[in-house]
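Remarks on the structure that follows.
2 protein chains.
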Amino acid sequence: MKSSQEFFQQFVLLYRSFEHHLNDVLNDYGLYRAQWSILHYLAKNESATLVELAHYLRVEKPTITRTITRLENIGYLSHVPGKDRREKRVEMSESGATLYVEVRKAVDLLEEGILSGISVEQQQETTRIMKQMHHHLISKEQPL
Amino acid sequence: MKSSQEFFQQFVLLYRSFEHHLNDVLNDYGLYRAQWSILHYLAKNESATLVELAHYLRVEKPTITRTITRLENIGYLSHVPGKDRREKRVEMSESGATLYVEVRKAVDLLEEGILSGISVEQQQETTRIMKQMHHHLISKEQPL
DNA sequence: ATTTGATAGTTACCTAAGCTAACTATTAGC
DNA sequence: GCTAATAGTTAGCTTAGGTAACTATCAAAT
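Below, the structure is given as structure tokens:
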């Protein structure tokens, strides 16, 4: 079998298993994957507009709107006023930030468990390769 | 940021981009990801029962039932009679197999494009690492 | 041989999370 | 100022996952 086939077969299986376990962790806190990915972004980037999130996560705007609405309803987000009144800029609220650090611990535990036995060098090398692959995919979408 | 966090952030982003492009390819043939993963399994394993597929893909039985039903309706699967009359063993029909080789070409093209510039050795090493990670996840689920 | 328990699959139903199409409200460019 | 483009929303569809409860068949123990 082609090494590319083996690669992606393993890649997909691993992703599905990972998503499964991640969901188990998140559900303990009443969260879902899509919500978590937004909180994660806001933890690393302070604030974001919906379009920014849509681009980053590579989903359409209505998908983001819905997830944001849910996070707002729970009270994990707050608005950041800006001068462009079309856009809606959000950041984590205090309770959102509090929850994030808590869940982050549990997710770190899961992730580090999965990576146990794999050296930091190998992790970084693999991350680098994945970035390269991601870049190949992005450049296919050029006509944005 | 922890290297595990960077790893999984990249991992998830890459997966989502990949799934997106894979879907684009599959849709040209009227297929979806879940259907494709079953055809892929049957291409590598000749035949399978629903439970076998559920275990491999790590989803529940009703999910498999539905996807199999769809593939049957399109005519890509046929039954393999066996002595245990509880189980339903399926394989690809002729038209399923024909479609598979066709789609396989397109998917190979996509996958090889994504992996371009990454040596076969690196691909294999990364596959090995992913297998190791997958194994960590599986062993967490021991009580099966 | 019969009963009991496990296993394979199905049915019905719920939910998350993606999508498109069509819309409003702003802003930017000419 | 008018027109284009951009940000976001609403409505509605679909895939694909999940549980709970069920039937049919088989295996094992008594």
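Chains P and B are the protein sequences, given in the same order. Its first residue numbered 1, the first sequence is counted upward by one per residue in the numbering used here. Its first residue numbered 1, the second sequence is counted upward by one per residue in the numbering used here. Just so it is clear, CB atoms sit at the ideal spot from N, CA and C, and this is done for glycine as well. If you're wondering where the values come from, they're calculated on a predicted model, not measured in any experiment.
Residues of chain B whose Cβ lies closer than 8 Å to the Cβ of Arg-66 of chain P do not exist; the shortest such Cβ separation is about 17 Å.
Contact annotation, Ile-68 of chain P with Leu-50 of chain P: C-beta distance approximately 6 Å; criterion of less than 8 Å satisfied. Between Leu-22 of chain B and Arg-33 of chain B the beta-carbon gap is near 6 Å, inside 8 Å, which marks them as a contact. Cβ proximity to chain B below 7 Å picks out Glu-111, Glu-112, Gly-113, Ile-114, Leu-115, Ser-116, Gly-117, Ile-118, Val-120, Gln-122, Gln-123 from the segment 111-123 of chain P. Put simply, the segment 95-108 of chain P does not touch the segment 57-65 of chain P. Fewer than three CB pairs are less than 8 Å apart. Residues of chain P with a Cβ closer than 9 Å to the Cβ of Ile-74 of chain B do not exist, since the nearest Cβ in that chain sits about 22 Å away. Taking a Cβ-Cβ threshold of 7 Å, the residues of chain B close to Leu-137 of chain P are Ser-17, Phe-18, His-21, Ile-114, in chain order. Contact note: Asp-108 of chain B reaches chain P through Lys-2, Ser-4, Gln-5, using a C-beta cutoff of 8 Å and chain order.
A distance below 7 Å between beta-carbons, with the five flanking residues on each side excluded, links Ser-95 of chain B to the following residues of its chain, in chain order: Gly-75, Tyr-76. According to the DSSP secondary-structure assignment, Leu-14 of chain P is paired through a beta bridge with no residue. Minimum Cα-Cα distance from Glu-46 of chain B among the listed residues B:Glu-121, B:His-79, B:His-55 corresponds to B:His-79. Taken in chain order, the complete beta strand (DSSP E) segments of 3 or more residues contained in the segment 51-91 of chain P are 77-80. Contact annotation: in the segment 76-95 of chain B, no residue has its CB less than 9 Å from a CB in chain P.
The beta carbon of His-134 of chain B sits closer than 8 Å to some beta carbon of chain P.
Between Leu-115 of chain P and Met-1 of chain B, the C-beta spacing is not below 8 Å.
Counting only Cβ-Cβ distances below 7 Å, Leu-13 of chain B has contacts in chain P at His-134, in chain order.
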